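J.: Submitted below is the structure of interest, expressed as structure tokens.
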DNA sequence: GACAATGCATAGGAGGTCTAGGTATGGATT
DNA sequence: AATCCATACCTAGACCTCCTATGCATTGTC
């Protein structure tokens, strides 16, 4: 199949949020929850390992900063990260279109890139 | 999160194909490939374990039959299977809508049930 | 002082997919 | 007859991701 190609939806969403500006784990989770209307609640056990993977692969770069006496690790997307994000979005749309094709739930605006 | 939703995309598609009439593994893989326009190529290592899981959970029932000197294991969807399929389709559409919501790729026809 | 919210992190388990291999038949080609 | 491809099933082991559960530390509220 293709769940490998898809990678993880979590990483894709993290990259997408980060592409709009530097953010940190806790905030990122809230942003994803908001933008998915509460559907996704990123758990720490998924979120932080995913951030570490993306950092290790140099799709994100991180730096610590202090604010309000709290330590925050801010993540910024890299050029490679933007390219990866574009690729994953394209793959996601194809994947979703293919699933909907199999199910017969395909919508006009959904199939293509 | 909900990687369960994504992980079970294979099972959902299998159930959907089986809901249209009895079928067997090899044929099922070809049907999924056709209906996804070649996108999904179910590998044996995903296909057969998935069929066995669905059978074990009584969402499919199976019986062996001979045709052309070949042994085929035909799968039929059960009532429980139909209910599960409906549930998963609904979950899938919500999931896809939520992802598209986060990515900003949402289309009008996609978000709801 | 207790508790919730903020903020990061990891360990261990569960669950799914893939690679790679095995078994077997039938038909076509050489 | 030997070889190859398509058909048709199956499994083991590696690999990856997500979740539960837990730990630590600070700030603000009751």
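Residue numbers (my numbering), protein chains in the order written: chain A, 4 to 116; chain B, 4 to 116.
Where a beta carbon is used, it is the ideal one built from N, C-alpha and C, also for glycine.
Keep in mind that this is a model prediction, so the values were computed, not measured.
1. Between which two residues does the beta strand (DSSP E) carrying residue 19 of chain A extend?
2. Could you give the DSSP three-state label for residue 59 of chain B: helix, strand or coil?
3. When we look at the beta-carbon of residue 86 of chain A and count the other beta-carbons within 10 Å, is it buried (16 or more) or exposed?
4. Would you verify that the beta carbon of residue 90 of chain B is, or is not, closer than 7 Å to some beta carbon of chain A?
5. Closest to residue 27 of chain B by C-alpha separation, out of B:39, B:73 and B:94, would be which residue?
6. What residues from the stretch 24-44 of chain B come within 8 Å of chain A, judged by C-beta to C-beta, listed N to C?
7. Can you tell me where the alpha helix (DSSP H) holding residue 29 of chain A begins and where it ends?
8. Along the alpha helix (DSSP H) that carries residue 46 of chain A, what are the first and last residues, could you check?
9. What residues are listed by DSSP as bridge partners for residue 79 of chain A?
10. With a threshold of 7 Å between beta carbons, is residue 72 of chain B in contact with chain A?
11. Whose C-beta lies closer than 7 Å to the C-beta of residue 35 of chain B among residues of the same chain, with five residues either side of it excluded?
12. For residue 104 of chain B, count the other beta carbons within 10 Å of its own beta carbon; 16 or more makes it buried, fewer makes it exposed. Which is it?
13. Check whether the Cβ of residue 11 of chain B lies closer than 7 Å to any Cβ atom in chain A.
14. Within a Cβ cutoff of 6 Å, which residues of the same chain sit near residue 64 of chain A, ignoring the five residues on either side of it in sequence?
15. Nearest-angstrom Cα distance between residue 75 of chain B and residue 29 of chain B?
16. Thinking C-alpha only, which one of A:106, A:100, A:107 and A:11 is nearest residue 57 of chain A?
17. Which of the residues in the stretch 96-110 of chain B, read from start to end, lie with their CB under 9 Å from any CB of chain A?
18. Does the Cβ-Cβ distance between residue 18 of chain B and residue 88 of chain B come in under 7 Å?
19. Pull the bridge partners of residue 69 of chain B from the DSSP assignment, please.
20. For residue 42 of chain A, which three-state DSSP category applies?
21. Which of the three DSSP states is assigned to residue 24 of chain A in this structure?
22. Exposed or buried, residue 53 of chain A, counting other C-beta atoms within 10 Å across all chains shown (16 or more means buried)?
23. By alpha-carbon positions, which one of B:106, B:101, B:102 and B:90 ends up nearest to residue 14 of chain B?
24. Using a Cβ-Cβ distance under 7 Å, would residue 69 of chain B count as near chain A?
T.: From the atom records:
1. By 1-based counting over the first chain, the position of residue 19 of chain A is 16. Per DSSP, residue 19 of chain A belongs to no beta strand (DSSP E); it is in the alpha helix (DSSP H), 12-21.
2. Locating residue 59 of chain B in the second chain gives position 56, counting from the first residue. It is helical.
3. Reading the first chain from its first residue, position 83 is the one you call residue 86 of chain A. When all chains shown are included, residue 86 of chain A counts as exposed.
4. As a first step, residue 90 of chain B must be located in the second chain, where it is residue number 87. It does not; no Cβ of chain A falls within 7 Å.
5. Residue 27 of chain B sits at position 24 when you count from the first residue of the second chain. Selected option, being the one with the closest Cα: B:73.
6. 35, 38, 39, 40, 42, 43 and 44
7. Residue 29 of chain A sits at position 26 when you count from the first residue of the first chain. Note, residue 29 of chain A: alpha helix (DSSP H), 28-38.
8. The residue labelled residue 46 of chain A in the question sits at position 43 within the first chain. Residue 46 of chain A -> no alpha helix (DSSP H), and no H or E assigned at all.
9. Within the first chain, residue 79 of chain A is the residue found at index 76, counting from 1. Answer is A:64, bridged to residue 79 of chain A.
10. For the purposes of this step, residue 72 of chain B is taken as the residue at position 69 of the second chain. It does not; no Cβ of chain A falls within 7 Å.
11. Walking along the second chain from the start, residue 35 of chain B turns up at place 32. Cβ neighbours of residue 35 of chain B beyond the five flanking positions: 16, 20, 43 and 45.
12. For the purposes of this step, residue 104 of chain B is identified with residue 101 of the second chain, where counting begins at 1. With 16 or more Cβ atoms within 10 Å of its Cβ, residue 104 of chain B is classed as buried.
13. Locating residue 11 of chain B in the second chain gives position 8, where the first residue counts as 1. Chain A contact via Cβ: absent.
14. The residue given as residue 64 of chain A occupies position 61 in the first chain. Within the same chain, residue 64 of chain A has close Cβ partners 79 and 81.
15. By 1-based counting over the second chain, the position of residue 75 of chain B is 72. By 1-based counting over the second chain, the position of residue 29 of chain B is 26. Using only the alpha carbons, I get a separation of about 9 Å.
16. Taking the first residue of the first chain as position 1, residue 57 of chain A is located at position 54. Ranking A:106, A:100, A:107 and A:11 by Cα distance to residue 57 of chain A puts A:11 first.
17. 96, 97, 98, 99, 100, 101, 102, 103, 104, 105, 106, 107, 108 and 110
18. Locating residue 18 of chain B in the second chain gives position 15, where the first residue counts as 1. Locating residue 88 of chain B in the second chain gives position 85, where the first residue counts as 1. Result yes, Cβ atoms of residue 18 of chain B and residue 88 of chain B sit closer than 7 Å.
19. The sequence position of residue 69 of chain B within the second chain is 66, counting from 1. Looking at the DSSP assignment, residue 69 of chain B forms a beta bridge with B:74.
20. Within the first chain, numbered from 1, the residue matching residue 42 of chain A stands at position 39. Three-state DSSP puts residue 42 of chain A in coil, outside helix and strand.
21. For the purposes of this step, residue 24 of chain A is identified with residue 21 of the first chain, where counting begins at 1. If DSSP states are grouped into helix, strand and coil, residue 24 of chain A belongs with coil.
22. The residue labelled residue 53 of chain A in the question sits at position 50 within the first chain. So residue 53 of chain A counts as buried.
23. Position 11 of the second chain, counting from 1, holds the residue named residue 14 of chain B. For the residues B:106, B:101, B:102 and B:90, the minimum Cα distance to residue 14 of chain B belongs to B:90.
24. Translated into the one-based positions of the second chain, residue 69 of chain B becomes position 66. Output row for residue 69 of chain B: interface = no.
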